[in-house]
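>
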């Protein structure tokens, strides 16, 4: 049960079909499962994982899939598979979110043993999947169709994390956390052309519709949460504007149709919304603690936000805290929170299926993905992947 919320209840009854376990909580739809189903799941090597659905919610918990340690991000690479780089694992898990089947891909062992995989970028035009590895300052390139390893791009920066592609300039931008700069990569030659100093820890990046400007999220400056949203002229790499209030800017997405830009701020627990016509701040939307990854629905109507939740006050963020994180859904028309649900121990990576129906996010400290579906409840069996509001996780 969620910390600080009203208490739930677990009841057991005996019927014609045997013992029945019923789980309920105020404000949520109850869920029942028979002891026979639980035993069948255990016999098949699975663990029952029950998630109650909020009453009135537009989303249904569909399934959960085990991953390697510390799944840092989630990126759809086609209509059904996601790439999941492992921060504390030797590669990248490729997961079919419909079947639950997964495979591990990795660069050569000399790289893989250093762990530290962070984000992925699918370049469909080149039929390539790029994955960043912060511990080696590298970008590993895989064939998008076959997932075969192709080559590694070495950056001269330190602790590179985020990858962003500018299709107008045909360049990949790679933000380096420790060296506090941006590497600019030519995807045709696979070479770093230059590094540009940021004067602060850089995180997310996005580009204007004409490709001439970059918006850069500053996470912190000299160890302090006083970062801003920078607008950079890519012809000169000059900073032409410093936008928004000071904080820890993390992730950026743009809506080119409506000329809007969204930024998550992990220090202030808000989502900032900017009008790209004049770069003015038009809204600050309060969400849960530590908002990190954000994603806009294909139709631009909804913005999804993974909120990591409060850090463990005694041991730090790499240890489970005392409150679960949350997934927020923001109405992009009214710029208000539509709903939220509990997302486990530090929901971090987040992406939507190309049709916008599936919401997939990583449960960072529990080493799994959760899959939610818009629409009606999907019923099934425990032996399968999902049932009404619960699922089994292959162990």
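Numbering (my numbering), first residue to last: 14 to 408.
Even for Gly, the Cβ is constructed at its ideal location relative to N, Cα and C.
Taking the straight line between their C-alpha atoms, what separation do you get for residue 100 and residue 126?
Distance between the alpha carbons of residue 100 and residue 126: 11 Å.
> According to the Cβ coordinates, are residue 299 and residue 263 closer than 8 Å?
Cβ distance not < 8 Å, so residue 299 and residue 263 don't count as in contact.
> From which residue to which residue does the beta strand (DSSP E) around residue 371 run?
Element bounds for residue 371: 371 to 376.
> Indicate whether residue 195 and residue 208 have their beta-carbon atoms separated by less than 8 Å.
A contact, by the Cβ cut-off of 8 Å.
> Do residue 109 and residue 93 count as a contact pair if the criterion is CB distance below 8 Å?
Yes, Cβ-Cβ distance for residue 93 and residue 109 is below 8 Å.
> Any idea if residue 375 is buried or exposed, counting beta-carbon neighbours within 10 angstroms, 16 or more meaning buried?
Its Cβ being crowded by 16 or more others within 10 Å, residue 375 is buried.
> Below 8 Å CB to CB, which residues in the same chain sit around residue 182 once its five sequence neighbours on both sides are set aside?
Excluding sequence neighbours, residue 182 sits near 224, 247.
> For residue 363, which option in 385, 73, 349 has the closest C-alpha, if you only look at C-alpha atoms?
Of 385, 73, 349, the residue nearest in Cα terms is 385.
> Do you know how far the Cα of residue 57 is from the Cα of residue 201?
The alpha-carbon atoms of residue 201 and residue 57 are separated by roughly 48 Å.
> Enumerated in chain order, which unbroken segments of the beta strand (DSSP E) with a length of 3 residues or greater are wholly contained in the region 138 to 185?
List check, beta strand (DSSP E) in window: 141 to 146, 151 to 156, 162 to 167, 173 to 179.
> Quick one, are the C-beta atoms of residue 79 and residue 381 less than 8 Å apart?
Contact: yes.
> What do you get for residue 189, buried or exposed, if any count of 16 or more other CB atoms within 10 angstroms of its CB means buried?
Residue 189 is buried by the Cβ-count criterion.
> DSSP beta-bridge partners for residue 227?
220, 245, per the DSSP bridge assignment.
> What is the DSSP secondary structure of residue 327, counted as helix, strand or coil?
Of the three classes helix, strand and coil, the one that applies to residue 327 here is coil, per DSSP.
> Could you pull out every residue in the same chain whose Cβ sits closer than 8 Å to the Cβ of residue 68, ignoring the five residues on either side in sequence?
These residues qualify, in order along the chain: 40, 41, 42.
> If you draw a straight line from the alpha carbon of residue 308 to that of residue 316, how long is it in whole angstroms?
Answer to the nearest angstrom: the Cα atoms are 6 Å apart.
> Taking only three categories from DSSP, how would you classify residue 193?
The answer is coil: DSSP assigns residue 193 none of H, G, I, E or B.
> As an exercise, report each continuous alpha helix (DSSP H) stretch of at least 4 residues that is fully enclosed by the region 72 to 152, in chain order.
For the region 72 to 152, whole alpha helix (DSSP H) runs of length 4 or above, ordered along the chain, are 122 to 125.
> Work out the CA separation of residue 91 and residue 11 for me, nearest whole Å.
Nothing can be reported for residue 11: it is not among the residues displayed for the chain, which extend from 14 to 408.
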